[in-house]
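Working notes, beginning with the structure itself.
Number of protein chains: 2
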Amino acid sequence: MSVQERKQRERAERERLIVATARELAEQQGWDAVTTRRLAERIEYSQPVLYSHFRGKREIIGAVALQGAAELATAVRAATSAADRPRARVVALARAYLDFAARNPAVYDALFQLDGGLAYAQEDTPEPLKDAFAALLETLGEVTGDGVQPGLFTEVFWAALHGLATLTRAGRLLPEDAEPRVELLVDRLAMV
Amino acid sequence: MSVQERKQRERAERERLIVATARELAEQQGWDAVTTRRLAERIEYSQPVLYSHFRGKREIIGAVALQGAAELATAVRAATSAADRPRARVVALARAYLDFAARNPAVYDALFQLDGGLAYAQEDTPEPLKDAFAALLETLGEVTGDGVQPGLFTEVFWAALHGLATLTRAGRLLPEDAEPRVELLVDRLAMV
DNA sequence: AATCGATCCTAGCACCGCTAGACAATCGAG
DNA sequence: CTCGATTGTCTAGCGGTGCTAGGATCGATT
């Protein structure tokens, strides 16, 4: 029995290695550089091994995305829990979100820009994604204002953050004015 | 002389054909399906002809993007000019923007999602892009509110719209609630 | 120790963006 | 009108991509 268990452990370990390597390579040189050949070479296995763990490249992207979603949720919760007043919590949330996107561009791309084959806003949405949204909802729910559904408010606030994150990263917005943009967004959207 | 002129005209015509075909193909089957081979086949020329008009595929995407920017600006101006009160203009702007993104997903991708090799937020930004931003600024400038730069406000509002557009298109937001999201966004962000 | 199943790799498919070089059509000079 | 030069286009091919079939090899079990 323990032989099989060891094999399973090694297999799981190798799968982690694949995801970590893909993520690392993507952060270093962009997702375009993450080819199955390069990835296989880095983990020191041949290409087909990748396909014994994942259906294809998109599933590898999806795995990185799920990892990122969990980290994003953690980062947001850590930032908001450190602030005591509602407005400060929202500001902290916004900063943490944009900071995460800026520091982990490849992961953010895997989450929201690339096709990782993940289902969103549905019944079978993976848990980490639902939880990341929940992390936003926890803080934004208390500044939603009257007559508005917290879920709807969170979607709009999230969309605004997402827009800022992607447009900034794509060079459409200059990063210098990031802070006043956050201030403006929070001042107007959040009912504090 | 007129022979050369005719050739130039034919060349320009063929260039339009390339851009139009690329756009059409992208809208029909997505940008992944826009390969140089398929594109060449559709315009009934060989691949290298494409490279006598554009440096490469990204420049073709860029050409579609510029076309889209001009149309977006037109659509926004048409929508806003049909409304008489400031709030109605902002709502019309938001609807027109999201509508454009929903109706021309491939063009919207070329503009903001893909790499078309275009410069943004800079000195040498192509005119259509600057003009599209100007179209937003014209309407949003009058609802910016005190103590805020219209440019900054426009960036934030635009980012929110962009976020809604992309997240909706990617299946991250359900399209059913689009209208209340717009209402919420305008109610909160615009100082009417 | 022999067997047999799991595991992995080599080799290759069809496709991608892009380009060198051959070829044909057209133009201008004599 | 002829002939060389120029312009335009195409065929063929390069190195790369994601992905997979099929053979080889290894190791656990009998």
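For the protein sequence lines, the chains are A and B, in the order given. Following the numbering used here, the numbering of the first sequence begins with 3 at its first residue and continues without gaps. Following the numbering used here, the numbering of the second sequence begins with 3 at its first residue and continues without gaps. Glycine is no exception: its CB is placed at the ideal position from the N, C-alpha and C atoms. Remember, predicted model here, so these are calculated numbers, not experimental data.
Simplified DSSP state of F114 (chain B), which is helix, strand or coil:
Taking the first residue of the second sequence as 1, we reach residue 114 (chain B) at position 112. Note: F114 (chain B) maps to helix in three-state DSSP.
Can you pull out the residues from the segment 125-145 of chain A whose beta carbon lies closer than 8 Å to at least one beta carbon of chain B?
Listed by position along the chain: nothing, the set is empty.
Do you know offhand how far A81 (chain A)'s Cα is from R91 (chain A)'s?
In the first sequence, residue 81 (chain A) corresponds to position 79, counting from 1. In the first sequence, residue 91 (chain A) corresponds to position 89, counting from 1. About 8 Å.
Please go through the same chain and pick out, in chain order, the residues whose beta-carbon is closer than 8 Å to the beta-carbon of A162 (chain A), but skip the five residues on each side of it.
Against the first sequence, residue 162 (chain A) aligns to sequence position 160. Same-chain partners within the cutoff: L187 and L191.
Have a look at A:A137, A:W33 and A:T76 and flag the residue whose alpha-carbon is nearest the alpha-carbon of G64 (chain A).
By one-based count along the first sequence, residue 64 (chain A) stands at place 62. Nearest option by C-alpha distance: A:W33.
Taking the alpha helix (DSSP H) that T156 (chain A) falls in, what are its first and last residues?
Position 154 of the first sequence, counted from the first residue, corresponds to residue 156 (chain A). Looking at the DSSP string, the run of the alpha helix (DSSP H) that includes T156 (chain A) is P152 to R171.
What three-state label does DSSP hand E46 (chain A) in the structure shown?
The count along the first sequence starts at 1 and reaches residue 46 (chain A) at position 44. Here E46 (chain A) sits in coil by DSSP.
Is it buried or exposed for R25 (chain B), if we count other Cβ within 10 angstroms and need 16 for buried?
By 1-based counting over the second sequence, the position of residue 25 (chain B) is 23. So R25 (chain B) ends up on the buried side.
Can you tell me whether DSSP reads T76 (chain B) as helix, strand or coil?
For this step, residue 76 (chain B) is matched to residue 74 along the second sequence. In the three-state reduction of the DSSP assignment, T76 (chain B) falls in the helix class, which pools H, G and I.
When burial is assigned at 16 or more other CB atoms within 10 Å of the CB, is R8 (chain B) buried or exposed?
Taking the second sequence and counting its residues from 1, one reaches residue 8 (chain B) at position 6. If you draw a 10 Å sphere on the C-beta of R8 (chain B), you find fewer than 16 other C-beta atoms in it, and that means exposed.
Classification of E129 (chain A) by the beta-carbon crowding that lies within 10 angstroms, buried from 16 upward:
Numbered from 1 along the first sequence, position 127 holds the residue referred to as residue 129 (chain A). Looking at its Cβ environment, which holds fewer than 16 other Cβ atoms inside 10 Å, E129 (chain A) is exposed.
Roughly how far, in whole angstroms, is the beta-carbon of I45 (chain B) from the beta-carbon of L19 (chain B), given that I think they are within contact range, below 8 Å?
Along the second sequence, one-based indexing puts residue 45 (chain B) at 43. Along the second sequence, one-based indexing puts residue 19 (chain B) at 17. So it is a contact: roughly 5 Å between Cβ atoms.
So L176 (chain B) contacts chain A; which residues on that side make the cut at Cβ distance below 8 Å?
Taking the second sequence and counting its residues from 1, the one referred to as residue 176 (chain B) is at position 174. Below the 8 Å Cβ cutoff, chain A contributes A123 as neighbours of L176 (chain B), in chain order.
Quick check on DSSP: helix, strand or coil for F56 (chain A)?
In the first sequence, counting from the first residue as 1, residue 56 (chain A) sits at position 54. Here F56 (chain A) sits in coil by DSSP.
Determine which residues of the segment 84-103 of chain A have a Cβ less than 9 Å from any Cβ of chain B, and write them out in chain order.
So nothing in the stretch comes that close.
Would you mind reading off the limits of the alpha helix (DSSP H) that contains D189 (chain B)?
If you number the second sequence from 1, residue 189 (chain B) lands on position 187. Segment A180 to L191, the alpha helix (DSSP H) holding D189 (chain B).
How many angstroms separate the CA atom of D133 (chain B) from the CA atom of R60 (chain B)?
Translated into positions along the second sequence, residue 133 (chain B) becomes position 131. Translated into positions along the second sequence, residue 60 (chain B) becomes position 58. Straight-line Cα distance between these residues: approximately 22 Å.
Distance between R11 (chain B) and Q31 (chain B) (C-alpha atoms, nearest Å):
On the second sequence, residue 31 (chain B) is found 29 positions in, with the first residue counted as 1. On the second sequence, residue 11 (chain B) is found 9 positions in, with the first residue counted as 1. Rounded to the nearest angstrom, the two C-alpha atoms are 30 Å apart.
Decide if Q115 (chain B) is buried, meaning its Cβ has at least 16 other Cβ atoms within 10 Å, or exposed.
Residue 115 (chain B) sits at position 113 when you count from the first residue of the second sequence. Note on Q115 (chain B): 16 or more other CB atoms within 10 angstroms of its CB, so buried under the neighbour-count rule.
Determine the direct distance from the alpha carbon of E144 (chain A) to that of V78 (chain B), and round the result to whole angstroms.
As a working mapping, residue 78 (chain B) is identified with position 76 in the second sequence. As a working mapping, residue 144 (chain A) is identified with position 142 in the first sequence. Approximately 34 Å between the Cα atoms of the pair.
Could you give the distance in angstroms between the alpha-carbon of T156 (chain B) and the alpha-carbon of A42 (chain A)?
Locating residue 156 (chain B) in the second sequence gives position 154, where the first residue counts as 1. Locating residue 42 (chain A) in the first sequence gives position 40, where the first residue counts as 1. T156 (chain B) and A42 (chain A) have their alpha carbons spaced roughly 45 Å apart.
For G173 (chain A), return the contacting residues in chain B, with the cut-off set at a CB-CB distance below 7 Å.
The sequence position of residue 173 (chain A) within the first sequence is 171, counting from 1. What G173 (chain A) touches in chain B: Y122 and A123.
According to DSSP, is Q10 (chain B) helix, strand or coil?
Working through the second sequence from its first residue, we reach residue 10 (chain B) at position 8. If DSSP states are grouped into helix, strand and coil, Q10 (chain B) belongs with the helices.
Rounded straight-line distance, which links the Cα of F135 (chain A) to that of Q124 (chain A)
On the first sequence, residue 124 (chain A) is found 122 positions in, with the first residue counted as 1. On the first sequence, residue 135 (chain A) is found 133 positions in, with the first residue counted as 1. Their Cα atoms are separated by approximately 13 Å.
N-terminal and C-terminal residue of the alpha helix (DSSP H) that E140 (chain A) is part of
Numbered from 1 along the first sequence, position 138 holds the residue referred to as residue 140 (chain A). Element bounds for E140 (chain A): E129 to L142.
Under 8 Å by beta carbon: chain A residues contacting G165 (chain B):
Counting from 1 along the second sequence, the entry for residue 165 (chain B) is found at position 163. Within 8 Å Cβ-Cβ: W160, A161, A162, L163, H164, G165, L166 and T168.
Residues of the segment 55-81 of chain B with Cβ closer than 9 Å to any Cβ of chain A, in chain order:
So the list is empty, because no residue satisfies the distance condition.
What does the alpha-carbon distance come out to for the pair E88 (chain B) and D101 (chain B)?
Indexing the second sequence from 1 puts residue 88 (chain B) at position 86. Indexing the second sequence from 1 puts residue 101 (chain B) at position 99. Checking the sequence, you will find Pro at residue 88 (chain B) rather than Glu. Distance between the alpha carbons of P88 (chain B) and D101 (chain B): 20 Å.
Cβ pair R105 (chain A), V184 (chain A) closer than 8 Å
Mapped onto the first sequence, residue 105 (chain A) falls at position 103. Mapped onto the first sequence, residue 184 (chain A) falls at position 182. No.
Span of the alpha helix (DSSP H), counted from its first residue to its last, around Y99 (chain B):
For the purposes of this step, residue 99 (chain B) is taken as the residue at position 97 of the second sequence. Segment P88 to R105, the alpha helix (DSSP H) holding Y99 (chain B).
Interface residues of chain B around R40 (chain A) at Cβ under 9 Å?
Indexing the first sequence from 1 puts residue 40 (chain A) at position 38. Within chain B, no C-beta atom comes less than 9 Å from the C-beta of R40 (chain A); the nearest is roughly 20 Å away.
With 8 Å as the threshold, decide whether the Cβ of P152 (chain B) is near any Cβ in chain A.
Along the second sequence, one-based indexing puts residue 152 (chain B) at 150. No, P152 (chain B) does not count as interfacial toward chain A.
Taking all protein chains shown into account, do 16 or more other C-beta atoms lie within 10 angstroms of the C-beta of D111 (chain B), making it buried, or fewer, making it exposed?
Looking up residue 111 (chain B) in the second sequence gives position 109. Flag for D111 (chain B) reads buried.
Using 8 Å as the limit for Cβ to Cβ distance, is E157 (chain B) near chain A?
For the purposes of this step, residue 157 (chain B) is taken as the residue at position 155 of the second sequence. Judged by the 8 Å Cβ criterion, E157 (chain B) is in contact with chain A.
Can you find a CB in chain B that lies within less than 8 Å of the CB of D148 (chain A)?
As a position in the first sequence, residue 148 (chain A) is number 146, starting the count at 1. Judged by the 8 Å Cβ criterion, D148 (chain A) is not in contact with chain B.
Can you check which of these residues, B:E29, B:A94, B:L175 and B:D179, is closest to L142 (chain B) by C-alpha distance?
Numbered from 1 along the second sequence, position 140 holds the residue referred to as residue 142 (chain B). Cα-wise, what sits closest to L142 (chain B) is B:A94.
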